Amino acid sequence: VVAGIRTPLPITKLEEDMPEVYTEFMRIATLLEDHYRDMQDMEFTIEDKHLYFLQTRNGKRTAAAALQIACDLVDEGKITKEDAIKRIEAKSLDQLLHPAFDEKALKAAKPIGSALPASPGAAAGRVYFTAEDAKNHHEAGERVILVRLETSPEDIEGMHASRGILTVRGGMTSHAAVVARGMGTCCISGCGDIKINEEEKYFTLGGATIKEGDYISLDGSTGNIYVGDIATVEAS
């Protein structure tokens, strides 16, 4: 799940399939959050309907999420206002100003597919399928979208070079999603309808064939994927 090679089911599915396990999960999750006084990224497994927590840590988050979480914790009486201010990194505040698509241009576009909106923002660029190609074309002055089956730590330079990231596999807690949120980069994950031909460097989605170097646009707030170079505007 963390590696991104599996796309997990939403936590609400656990409530439907195993309500008793879900209740126990929520009880322990609340205890952990109360103890650490912060949002937790928890790993757990279920075997024979028995719940096992594997580890927990403070969760990665966007600047907008960090601000919301800090305010919520203050409202709940878990931290002070002073603590909340200390938890917001000044350098991360520019992430609150994510670019968005031009409304007129977006209305004229039709999505070819959609998946999990793993990290917000809007991005348009040329498609590349390896971290090395993404890095090289970024250095040549191109706007780049990295398209991968899933990402790994070896892809980090290509991810840094990209305006947006699109993966076939992985959920909201996959490597691509977590790293992208930390960088403030637009990311859509778990688009299982994509078929990638790595040898010939193209992918198909929604009846469209996108070759290396073609433009696509990603809406990290809705999870929609578009063909072409949709104009973006900076937040104000």
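Start counting the sequence shown at 190; every next residue gets the next number (our numbering).
The beta-carbon is built from N, C-alpha and C at its ideal position, and this holds for glycine as well.
Note that the coordinates shown come from a computational prediction; the quantities given were computed from them, not determined experimentally.
Cα separation between residue i and residue j?
| i | j | result |
| --- | --- | --- |
| residue 240 | residue 307 | 26 Å |
| residue 218 | residue 276 | 21 Å |
| residue 395 | residue 335 | 19 Å |
| residue 330 | residue 347 | 14 Å |
| residue 223 | residue 272 | 15 Å |
| residue 286 | residue 303 | 23 Å |
| residue 420 | residue 197 | 33 Å |
| residue 238 | residue 418 | 48 Å |
| residue 310 | residue 373 | 8 Å |
| residue 220 | residue 214 | 10 Å |
Taking the alpha carbon of residue i as the point to measure from, which residue in the options has its own alpha carbon closest?
| i | options | result |
| --- | --- | --- |
| residue 294 | 406, 209, 315 | 406 |
| residue 320 | 310, 333, 313 | 333 |
| residue 269 | 227, 305, 234 | 227 |
| residue 235 | 223, 210, 287 | 210 |
| residue 401 | 254, 352, 391 | 391 |
Taking 8 Å as the threshold (C-beta atoms), are residue j and residue i in contact?
| i | j | result |
| --- | --- | --- |
| residue 397 | residue 422 | no |
| residue 249 | residue 371 | yes |
| residue 230 | residue 251 | no |
| residue 337 | residue 362 | no |
| residue 316 | residue 399 | yes |
Between which two residues does the beta strand (DSSP E) containing residue i stretch?
| i | result |
| --- | --- |
| residue 198 | Segment: none, residue 198 is in no beta strand (DSSP E) and carries neither H nor E. |
| residue 213 | Counting along the chain, residue 213 falls outside any beta strand (DSSP E), though it belongs to the alpha helix (DSSP H) covering 208-225. |
So the alpha helix (DSSP H) residue i belongs to, where does it begin and stop?
| i | result |
| --- | --- |
| residue 322 | 320-328 |
| residue 187 | Because the chain spans 190 through 425 in this model, residue 187 falls outside it and cannot be assessed. |
| residue 376 | Here residue 376 belongs to no alpha helix (DSSP H); instead the beta strand (DSSP E) covers 375-378. |
Contact the stretch 379-390 vs the stretch 249-265: 3+ CB pairs below 8 Å: No, because fewer than three Cβ pairs between the stretch 379-390 and the stretch 249-265 fall closer than 8 Å, the two stretches do not touch.
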